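Peer 1:
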């Protein structure tokens, strides 16, 4: 057997950066083929260890690369692991430890993608159409909204707002799928609770009344949930949760499907196992339980996604779902306890926090140890008086290190990275403003935080004004903003005019009611029945009476009249697409210019572009503008926000994001604000997971992880006062579980920092009472006192009876505020210089002076022309498709515009027919590959007369149908010039000289030189996959309708493709 150390030595002969694995890693790499769990602490090198495990298995010829299944959560993580494994396999082949003809294909993907493949192959067994793409959060919300708003049962009553009911329906549906629970069982549990309450009698306390109310509301909502699930399944509109649940059903009900998967994959690696949900565990256990070699890698200290369906005790129950077979004697548990990320002081804080997590863990978790080369690291901390003081303190600390001479002296992409990790999104705005005030560029990550960014908030508030006549709060943002800058007098005048209109409307309503009572409702329609609102008043301001007009200033009335006209114009666009309205509002507010002046042309638009991207995703499923606004309001309040992968860490901006979003990433400098009791950790007095007080949850007894959760019982109660005590005690038990997750969240936050960690809090927050520093902050001060740390602020605790300084001394400022802000001084200086300049009379001048003037004028004219003709720089994404590569060669300007202003692409019947054709070709060769529309060839239109059956006949008559392909539908990811290019090769055939890659074209129109870029990329990708020279691979387009094969010569080589990509970088 080749040892892990020998493999490392062989790799080092090719790559000098490869180091020897640690003893802990060696034990995992060479573990026997038995079920086992690896506890991998934060930054402990789990990805490298998993890659080395694959190398050891392959080098010792235990399995081939394609017989190892690796699953993780995000595409980014799957891509990184896949790239690392393939790189190491190529290096191992180069070092002579692998056969030269060994294929290096791997099966590393996400949990959801794997479930999708199971569905594509076996959903037909359940009579389910699983061909459509899974629905995203926005599409799900729209379907649920339609179900709720159009519910036919007129007897349905609910005390919650419509948006809350929509959220309840989505939440309950997710749990029904996750835990495979029937509606009857949920209804039975709630009816049992109601019967117990009725037996006890009396509802004199609020605790009892709330439990009764929640049980009744959940019973009332269940039919909506049932309709929501039925409608989507009938229409083939499945979500990721649907797919995972159905895949689990297939695995549990069809043993033959499990046998196929076990035969295909001899070894299974499960990454981030602590975050797997019940349906994922069910699916994987049915497929690969009973002694199959499954190695699960995870960290119970980082289990922070219970609100997404994961269970805090998942790792502890691994042996239950993946038991060893008779004769298995290897270790069940391994630990990776050396972190290669955090410096020593930061690690001490992390271990201090994790002590209480480890003490309650059902598996052994070793404390983290520093690497040999670890530095001490730096800790900074501070207790400030107010939230604003805390934000200013963070910004000042970052300013000192951001603009440090030694940092500025090196290249930008090699500089240290910075992040602020918040527990609540509402913390973002104040910290962002403080950073910007010190000229530090900022990026806010996540949709929930995005709506707090100034430019996005401006767009969103104006969208509300345009679509909702009751959006008075949103209107005030613009009335008092820099564009209108209205004073108190004009705002008061608008308010008075609005109230006057409302009063007149109320008087008119008497006539309206009288006409209805008289049986003449038609004539009542002519009456203008107004409900007073500022927006309605603004819309008719030009028709206001003289008395109301006299209340306005001349300038204010003019600005309001102009604004009313602008709003009517914008309102006329509200019937179009979401993207169009956002673009119109952007142009109206001159935001392009504003953000470019603030952050530069490179980074200025990043938040607006991300907002447009979210709008584009929403509009693809046919959502309206008002629905988009409501959806944003709902998602901004959700814990953890929308599902998203780990962020792309940048060194050119300070990144602001929630801790949930930050998991999987790391920065050099990390600030964690808000370490106050009730904020972080949150007290969760109204625990969102407590099923007896939240209709969105299902009874714990029905959950797959119910054994780990508190039991609720009223069996011993005889009166409502006793029931109230039981309910209160149960709520505390639920809150204690949630508190543990908050502690784990603190651990995750601290371990994101490599070298510098800043932790802060303030005595005064939003409320009227002061708040003590939290226990998480105590961990920081304990280590700082012992090991040393920089104390930024030590505000004294307020005395009893003292009020919040914000209430006593609210922030004051000039109003209306100066629209130029800090630029006022420079602007005034420029104006003064212009005024100072005087026109000079034309006089005779010497030739030398005249020539100088002419030269200067020509230079200025040339500069203006150059600016006018220059293009706007657009950064090429870090991941592109082959179609994007074609577009880059064909029309770089159009591609730049598409990247900057993406337009949602609807799939027409022709492209759908192309999809069907490709899937049909797969089946001809018995392939069972999951078709992914991200690889669709959008440069391949199908002519209207090219019917699917005709395409099939033409292809069957071609030479390619008679030849046996070496591979079909080959997905690839290949890095070119630092950009990950993704694609899918239709077919590969062996030739006397090597291989030929073929791309099916379902239209007869032949493509030019730009399309050949696609073939060049396919050729290079296949050469890399097979580790052969690109000259051994030829490429061709085959036009199916006409049976014409276009075999291209002189395709671009790797160097030319690198040059093409670098042209837009």
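Numbering (the UniProt record's numbering), first residue to last: 1 to 1065. Beta carbons are placed, not taken as given, at the ideal position from N, Cα and C, and that holds for glycine. Because the structure is a prediction, the values reported are computed rather than measured.
Within its chain, find whatever has a CB closer than 6 Å to the CB of residue 1061; leave out the 5 residues flanking it on each side and keep chain order.
Peer 2: Closer than 6 Å at the Cβ level, and outside the excluded window around residue 1061, lie 976, 977, 979.
Peer 1: Given this structure, state the Cα-to-Cα distance separating residue 346 from residue 756, to the nearest angstrom.
Peer 2: 8 Å
Peer 1: Taking DSSP's pairing of strands, which residues face residue 1001 in a bridge?
Peer 2: Paired residues: 1039.
Peer 1: What are the complete alpha helix (DSSP H) segments, minimum 4 residues, inside the segment 352-437?
Peer 2: The segment 352-437 contains these whole alpha helix (DSSP H) runs: 387-402, 405-408, 428-437.
Peer 1: Give the range of the beta strand (DSSP E) segment to which residue 969 is assigned.
Peer 2: 967-976
Peer 1: State the DSSP-derived secondary structure class of residue 197, mapped to helix, strand or coil.
Peer 2: helix
Peer 1: Does residue 791 come out as helix, strand or coil in the three-state DSSP assignment?
Peer 2: Judged by DSSP in its simplified three-state form, residue 791 adopts strand.
Peer 1: Quick one: what does DSSP say residue 1047 is sitting in, helix, strand or coil?
Peer 2: strand
Peer 1: Pick helix, strand or coil for residue 108, following the three-state DSSP scheme.
Peer 2: strand
Peer 1: Kindly list the residues whose CB is nearer than 6 Å to the CB of residue 453, restricted to its own chain and excluding five residues on each side of it in sequence; keep chain order.
Peer 2: 444, 607
Peer 1: Tell me which residues share the same chain as residue 204 and place their Cβ nearer than 7 Å to its Cβ, disregarding the 5 neighbours each side in the sequence.
Peer 2: Only 720 meet the Cβ criterion.
Peer 1: Where does residue 507 fall in DSSP's three states?
Peer 2: Legend: pLDDT at residue 507 = 49, less than 50; position of this residue unreliable, value from coordinates given subsequently. Three-state DSSP puts residue 507 in a helix.
Peer 1: Taking the DSSP output, what are the residues bridged to residue 667?
Peer 2: 753
Peer 1: DSSP has residue 655 in a bridge; who is on the other side?
Peer 2: In the DSSP output, where bridge partners are listed per residue, residue 655 has 419, 443.
Peer 1: Straight-line CA distance for residue 391 to residue 398?
Peer 2: 11 Å
Peer 1: Rounded to the nearest angstrom, what separates residue 740 and residue 982 at their Cα positions?
Peer 2: Approximately 41 Å between the Cα atoms of the pair.
Peer 1: Is the CB-CB distance between residue 84 and residue 47 below 8 Å?
Peer 2: yes
Peer 1: What number of angstroms, rounded off, separates the C-alpha of residue 749 from the C-alpha of residue 994?
Peer 2: 52 Å
Peer 1: Since residue 342 and residue 43 should fall inside the 8 Å C-beta cutoff, what is the C-beta to C-beta distance between them, to a whole number of angstroms?
Peer 2: 6 Å
Peer 1: Assuming residue 416 contacts residue 370 (C-beta within less than 8 Å), just tell me the rounded distance between them.
Peer 2: Rounded, the Cβ-Cβ distance is 19 Å, inconsistent with contact.
Peer 1: Quick one: what's got a C-beta closer than 8 Å to residue 603's C-beta in the same chain, skipping five residues either side?
Peer 2: 441, 443, 652, 653
Peer 1: In whole angstroms, what separates the C-alpha of residue 568 from that of residue 469?
Peer 2: If you draw a straight line from the Cα of residue 568 to the Cα of residue 469, it comes to about 12 Å.
Peer 1: Okay, do the segment 243-250 and the segment 111-123 touch, 3+ Cβ pairs below 8 Å being the bar?
Peer 2: These segments touch.
Peer 1: Answer yes or no: do residue 269 and residue 53 have a C-beta to C-beta separation smaller than 8 Å?
Peer 2: Inclusion of residue 269 and residue 53 in the CB contact set at 8 Å is warranted, their separation being smaller than that value.
Peer 1: Apart from the five residues on each side of it in sequence, which residues of its chain come closer than 7 Å, Cβ to Cβ, to residue 621?
Peer 2: 138, 139, 142
Peer 1: Less than 8 Å between the beta carbons of residue 672 and residue 421, yes or no?
Peer 2: yes
Peer 1: So, using beta-carbon positions, are residue 4 and residue 30 closer together than 8 Å?
Peer 2: Between residue 4 and residue 30, the gap from beta carbon to beta carbon is short of 8 Å.
Peer 1: Could you tell me which uninterrupted beta strand (DSSP E) segments, each at least 3 residues in length, are contained entirely in the segment 276-336, listed from first to last along the chain?
Peer 2: 294-298, 333-336
Peer 1: For the pair the segment 490-505 and the segment 554-570, tell me if three or more CB-CB distances fall below 8 Å.
Peer 2: yes
Peer 1: What whole-angstrom Cβ distance do residue 363 and residue 336 have, given they're in contact under 8 Å?
Peer 2: Not a contact, Cβ separation roughly 13 Å.
Peer 1: How is residue 72 classed by DSSP in three states: helix, strand or coil?
Peer 2: strand
Peer 1: Does the distance from the C-beta atom of residue 297 to that of residue 275 stay below 8 Å?
Peer 2: no
Peer 1: With DSSP collapsed to three states, give me the class of residue 1054.
Peer 2: helix
Peer 1: What do you reckon, are the CB atoms on residue 381 and residue 674 nearer than 8 Å?
Peer 2: no
Peer 1: Are the segment 675-683 and the segment 717-731 touching by the rule of at least three beta carbon pairs closer than 8 Å?
Peer 2: The segment 675-683 is not in contact with the segment 717-731.
Peer 1: For residue 952 and residue 1022, I'd like the C-alpha separation in whole angstroms.
Peer 2: 26 Å
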